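Position one of the sequence shown corresponds to residue 12 (my numbering), numbered consecutively onward.
All C-beta atoms in this analysis are idealised placements derived from N, C-alpha and C, irrespective of residue type, glycine included.
A quick note: this is a predicted structure, and the numbers were derived from the prediction, not measured.
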Amino acid sequence: MKKLTLLALLFSTLGWGQSKDYSYQKTQWVDSVYNTLSLEERIGQLFMVAAYSNRNESHVQSLESLVENQHIGGLIFFQGGPVRQAKMNNRLQSLSKLPMLVGIDGEWGLSMRLDSTYKFPYNMTLGAVQDMDLIYKVGKAMAIQAKRLGMQFNFGPTVDINTNSKNPIIGVRSFGETRDIVTDRAIAFTEGYQSEDVFATAKHFPGHGDTSVDSHHKLPVVNFDKNRLHKVELYPYRKLIEHNLSSVMVAHLNLPALEPDDNIPSSLSYNVVTKLLREEMGFEGLIFTDALNMKAASNYAKPGEVDLAAFKAGNDLLLFSENVPVALDLIKQAYEKGEITEERLAYSVKKVLSYKFKSHQTSYTPIELDNLVEDLNASQYDDLNYELYNEAMTVIKNDHRLLPLRELEKQKIAYLKIGDDKGSDFLDYLNKFAEVKEITKENLHDLSFYTTVIIGYHKVDNPWRNHDFSAEEKQLIQTVASKKKTVLVSFAKAYALSGITNTENINSIVVGYQNNIFANRAAAEVIFGSIGAKGELPVTISSKYEVGTGIKTKALKRLGFSTPANQGMDATTLAKIDSIANYAIDKELTPGLQVVVTRHGNVVYQKSFGHHTYQKDIAVKDTDLYDLASLTKILGSLPVLIKMYDDGKLHMDSKLGDLVPAFKGTDKANITFRALMTHQSGLPAWIPFYKSTLDENGKPDLTIYNYFVTAGFPVQVSENLFIRKNYDAEILRQIAESKLSPKANYKYSDLGFIALKSFIERKYEEPLDQVVTSEFYAKMGANRLTYLPLRRFDLSEIPPTEEDSYYRYTTVQGYVHDMGAAMQGGVAGHAGLFGTALDVAKMMQMYLNQGEYGAERFFSEETFHEFNDCVYCSKGNRRGIGFDKPQEAGKPGPTCGCVSMTSFGHTGFTGTMTWADPEKDLVYVFLSNRTYPDSNVNKLSKENIREKIQEIIYQSIVE
12 MKKLTLLALL FSTLGWGQSK DYSYQKTQWV DSVYNTLSLE ERIGQLFMVA AYSNRNESHV
72 QSLESLVENQ HIGGLIFFQG GPVRQAKMNN RLQSLSKLPM LVGIDGEWGL SMRLDSTYKF
132 PYNMTLGAVQ DMDLIYKVGK AMAIQAKRLG MQFNFGPTVD INTNSKNPII GVRSFGETRD
192 IVTDRAIAFT EGYQSEDVFA TAKHFPGHGD TSVDSHHKLP VVNFDKNRLH KVELYPYRKL
252 IEHNLSSVMV AHLNLPALEP DDNIPSSLSY NVVTKLLREE MGFEGLIFTD ALNMKAASNY
312 AKPGEVDLAA FKAGNDLLLF SENVPVALDL IKQAYEKGEI TEERLAYSVK KVLSYKFKSH
372 QTSYTPIELD NLVEDLNASQ YDDLNYELYN EAMTVIKNDH RLLPLRELEK QKIAYLKIGD
432 DKGSDFLDYL NKFAEVKEIT KENLHDLSFY TTVIIGYHKV DNPWRNHDFS AEEKQLIQTV
492 ASKKKTVLVS FAKAYALSGI TNTENINSIV VGYQNNIFAN RAAAEVIFGS IGAKGELPVT
552 ISSKYEVGTG IKTKALKRLG FSTPANQGMD ATTLAKIDSI ANYAIDKELT PGLQVVVTRH
612 GNVVYQKSFG HHTYQKDIAV KDTDLYDLAS LTKILGSLPV LIKMYDDGKL HMDSKLGDLV
672 PAFKGTDKAN ITFRALMTHQ SGLPAWIPFY KSTLDENGKP DLTIYNYFVT AGFPVQVSEN
732 LFIRKNYDAE ILRQIAESKL SPKANYKYSD LGFIALKSFI ERKYEEPLDQ VVTSEFYAKM
792 GANRLTYLPL RRFDLSEIPP TEEDSYYRYT TVQGYVHDMG AAMQGGVAGH AGLFGTALDV
852 AKMMQMYLNQ GEYGAERFFS EETFHEFNDC VYCSKGNRRG IGFDKPQEAG KPGPTCGCVS
912 MTSFGHTGFT GTMTWADPEK DLVYVFLSNR TYPDSNVNKL SKENIREKIQ EIIYQSIVE
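Given below as structure tokens:
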């Protein structure tokens, strides 16, 4: 009944005050509530009690007793989980006469205390970030999460200035070692936090940064004079107070300059809490004690007595009281004796009530449990973490500008993991940029194969763990650095690098601060130049690497990695790709597939689905190589031809007879390069070359083939089939003798690309596969884009394309599916290329960059535009010079019909597609083996799977 009466009063007061200003409403509400409370209820408002959602029922019942009998004012949650905490919160709040204030000590987010919640970077990692808008966003994000979990306080930011690198309790909880680094970030964080009407708490007043003792165990001494304290430790508080800081937490410290009694910790000192913080510094917000169970406070007096001393010192809220009933009784006795005045009690209690009003805690509203965990781990937090770690990566040494790594074709890169935590995510990301081989300490005796060694120092991402290098690890670093170019990346506390006293032979040093997938990715991107390094050391490591050190490196137009939202796309919409891909797998339209989407030069979606076959033996991985079929035209032949054109070795009006001698004197001799590449030449669509090589039983004719490699049959068609020497010439002869259409109308044909392979190889005096690899793939780090994949990769990494029962009579796996390309030994101008979706995307990004990738200019922008021009659109031919182009509105074609007309790409027979759109700065890659086990029925195409996914991609674009 009491509760109902009170709530009625609250609502009536609020209703009556709607036309008044906010301050008047607040005062009226606070005074009216205060007047309804008994003395015990008023005193109870001073206590914020520790609550654990991972403890048993007896713990909850003990809290229920405190809520109902001592009328406590708040809860501070510690270990547990979000759903358990929400249920516990709802249960306790429902019993409370007045809604309680709820807080958590979550300096890097709720995950500091709760499982199944999100982890933001430590403050010291944020100290390396130079963009204060991002720090503001961190505060705002944490506040949104706290509010979702029914909390009004986060006990942060930590504004201790960590001038002591050996500080056992602050360390990475600090933003850095200078007052400006700390203050700038604390202000940004606080403003972000409080923008959501959730209260920030600066701690640990007056400053815990230069201590060598953990106050959880004993009383630390801060032996500075007042001048130093005001100049350094107190500086962030003064600035935060100017920016409307809501609350302060007072530490348990021995401060001789402020409190003459060495036995009284600062949290219990009237001189510190009232005279300094409240009166001298003019702070009018809430003042919390640090946890009163900490030995630095609890050693001073017994439970209850320490609470009384804290309240007398001037604190408003007593945190983590060890015995609330005793403490309440002692405060009540002091009040009745006149040791505590009504004015003093009302001052703090009304302040507590005013904060309840400010945070809308005037009536109990239960926390909604539906989607709680999902809300607390929303994708928007990944968006922010991507940006934060990108900005934090700090290069402190970079001899001869080794980073970012250039000229990848000349690099042989090794990775050595040291430290006690995993480095697999880092290695995975390194391999997305180039081939990087892992080595171990056991094989350091022979590094002759490698040009560069990347050493990753991986330590468990825990602020309390020792991150020092061992003597063995130091020696390993020196051993490698004395032999090879060395990049040391430390995924550990910045201070850990102080143990590496000799860095002379280490070419580059990157500080990654923490060992997690965000830091691993960002460091790999800095090393290879998809992003530049922007961070600065927030602390001094050594005399060589002082606070503020940070070498800025350049981005090199290499494909990087980001989140959809950070690139102007809606993640929820983009995720619909999953359902379409899974549908294709479930309906057996293809055994497996890969999809990559990039925007603004960053991969925003990369997933693999299904298996290599319908037997579901091997799951598809992002690193598996698919037969690209006709994508070979624009990824194998075309880039070389564009480069030759750019170099003046080829012209649009060059004649086929001049390019390929086999066509001199034929009716094909005057076909121009332009006509060939736009399929406007009059050539037939294809010639089934293989059929004329079969005997009367439909099997390979053994005058043309052999089942073993010999000098006369050196060209491998499939696993156990070899074709006679120089059969390429026979293929060219058949093309030369093919019937040419009397009207050179548009007809898609492989034959032009087959013919131009001969031209490329004659000019370069090398096979096409070697040419395109050396001129493009090796320089771009597209190490999983290749002809003849079995020369470098295991069969288990290559999905099969067909159970061939008409030509090769075998499982076609690792060998090109296209029969004509197979007859050329797997290297052809129109087919034969294998690769991953990611490496296909690299080539398409190079096109989007108009001929540039990784600081390498492959051909001019003008040349690219010539090849991307739809030269025969007026004749109903949508093709560019080599590229496929979008169909006209209402006509069938290769795309969803939602792309721009400047876009370009190609599709392939095995169920592949890649498309790039300059106007949306977008690349889409779809790879599959839809031809397995039987290529005759193209169910994938009939269901428009590739086009439907493309449509989803365009629907996801929001800016």
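Per the DSSP secondary-structure output, TRP119 pairs with nothing in a beta bridge. Note on geometry: alpha-carbon atoms of LYS950 and PHE915 lie some 24 Å from one another. Taking C-beta atoms as the reference points, VAL384 and PRO93 count as a pair closer than 8 Å. Annotation: the continuous alpha helix (DSSP H) that includes ASP739 extends over 738–748.
When C-beta atoms of the segment 764–781 are compared with those of the segment 846–854, fewer than three pairs fall below 8 Å, so the two segments do not count as touching. The three-state secondary structure of TYR204, taken from DSSP, is helix. Taken through DSSP and simplified to helix, strand or coil, HIS478 comes out as coil. By the criterion of a C-beta distance shorter than 6 Å, GLY543 is surrounded in its chain by THR564, LYS565 and ALA566, once the five residues flanking it on both sides are discounted. Out of SER590, ASP678 and VAL728, the CA that lies nearest to the CA of PHE700 is found in VAL728. Per DSSP, GLU449 lies in no alpha helix (DSSP H); the unbroken beta strand (DSSP E) holding it starts and ends at 447–450. In this model, SER365 and ASP932 are separated by some 52 Å (Cα to Cα). The C-alpha of SER206 lies about 16 Å from the C-alpha of ALA213. Check the Cα spacing between GLY85 and each of TYR147, LYS108, ASP208 and GLU899: the tightest is with LYS108. Taking the C-beta atoms as reference points, VAL498 is found nearer than 8 Å to SER519. With a minimum length of 3 residues, the unbroken runs of beta strand (DSSP E) contained wholly in the segment 758–824 fall at 796–798. The beta carbon of PHE870 lies closer than 7 Å to those of ILE653, LYS654, ASP657 and GLY862 in the same chain, with the five residues before and after it left out.
Counted as a single uninterrupted DSSP element, the alpha helix (DSSP H) harbouring MET855 occupies residues 848–859.
It is roughly 51 Å from the alpha-carbon of HIS227 to the alpha-carbon of PHE620.
In the DSSP assignment, ASN613 falls within the beta strand (DSSP E) that extends over 613–621.
Counting other Cβ atoms within 10 Å of its Cβ, GLY659 stays below 16 and is therefore classed as exposed.
Take GLY510, set aside five residues on each side of it, and the residues of its chain with a beta-carbon closer than 6 Å to its own are ASP479 and PHE480, in chain order. The C-beta separation of LEU279 from TYR248 comes to about 19 Å, leaving the pair out of contact by the 8 Å criterion. Look at the beta carbons and you see the segment 450–464 not touching the segment 543–560: under three pairs across the two are nearer than 8 Å.
According to the DSSP assignment, ALA321 belongs to no beta strand (DSSP E) but to the alpha helix (DSSP H) extending over 316–324. In this structure, TYR204 lies near MET153, with their beta-carbon atoms less than 8 Å apart. Of the candidates ASP221, LEU330 and GLN422, ASP221 places its Cα closest to the Cα of PRO179. For the segment 901–955, the continuous alpha helix (DSSP H) assignments of 4+ residues that do not extend past its boundaries occur at 950–953, in sequence order. Measuring C-alpha to C-alpha distances from MET59 to each of ALA505, SER501, ILE83 and ILE596 identifies ILE83 as the nearest. Taking one beta carbon from each stretch, the segment 931–948 and the segment 595–610 have 3 or more pairs nearer than 8 Å; the two touch.
Of all C-beta pairs linking the segment 96–104 to the segment 163–183, fewer than three are shorter than 8 Å, placing the two stretches out of contact. Taking the Cα positions, GLU954 is about 30 Å away from LEU649. With respect to PHE444, GLY792 sits close: the two C-beta atoms are nearer than 8 Å. Annotation for LEU806: GLN824 and GLY825 place their beta carbon closer than 8 Å to its own, counting only its chain and skipping 5 residues before and after. Across the set ASP236, LEU796, ILE734 and GLY893, the C-alpha of ILE734 shows the shortest separation from the C-alpha of GLY831. Taken through DSSP and simplified to helix, strand or coil, ILE520 comes out as strand. Apart from the 5 residues on each side of it in sequence, ILE771 sits with its Cβ closer than 8 Å to the Cβ of SER648, VAL651, LEU652, MET655, LEU779, VAL782 and GLY840 in its chain, given in chain order.
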